[in-house]
Amino acid sequence: MGGTFTVLDYCILALFIPPIISGIIKGFVSQAVSLIAIIVGIWAAYSFSDIFSPYLKNCFRSDSSLINLLSFAIIFIVILIIGYFAGKLASKFIKLIMLGWLDKLLGAL
79 MGGTFTVLDY CILALFIPPI ISGIIKGFVS QAVSLIAIIV GIWAAYSFSD
129 IFSPYLKNCF RSDSSLINLL SFAIIFIVIL IIGYFAGKLA SKFIKLIMLG
179 WLDKLLGAL
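Going by our numbering, the first residue of the sequence shown is number 79, and it counts up by one from there.
Pasting the structure below:
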């Protein structure tokens, strides 16, 4: 139970450094909105890809499974893009009310 670090400790510590730096740079709000966009994107793509597939079948003559995959990907990417812009807008608002420092600090968590 000494105070020395092992190689495994340094490896685990190294795994935490990139997300911490990314959180400090992007901020908590942007990171949270990105995570929410990924979750909502997966849900929306799973829920609505069957509804969107017939529209793609009219445009492309291809295998049904490929069309389903393409509709899933399109919906997911559109939600991610919307989430990206929502995160940028929220971050700008946080900076506007002069809480940008808190956003960056919480981003490290």
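Beta carbons: idealized from backbone N, C-alpha and C, even for Gly.
Mind checking whether residue i and residue j have CB atoms under 9 Å apart?
i      : j      : result
Gly185 : Ile102 : yes
Ser233 : Asp128 : This structure cannot speak to residue 233, because the chain is shown only from 79 to 187.
Phe130 : Ile153 : yes
List the whole-angstrom C-beta distance separating residue i from residue j, where the pair is believed to meet the contact cut-off of C-beta under 8 Å.
i      : j      : result
Ala115 : Leu158 : 5 Å
Ser169 : Val107 : 5 Å
With distances taken from CA atoms, which of the options is nearest residue i?
i      : options                       : result
Leu187 : Asn146, Ala151, Gly105        : Gly105
Val156 : Ile90, Arg139, Ala122, Cys137 : Ala122
Ser125 : Asn146, Leu86, Tyr88, Ser112  : Asn146
Ile164 : Ser112, Cys137, Leu144        : The question names Ile, but residue 164 in the sequence shown is Ala. Comparing Cα positions, the closest option is Ser112.
Leu183 : Cys89, Ser100, Tyr88          : Ser100
Quiz prompt | the stretch 91–100 in contact with the stretch 155–175 per 3-pair CB rule at 8 Å | solution = In this structure the stretch 91–100 does not touch the stretch 155–175; the number of beta carbon pairs closer than 8 Å is below three.
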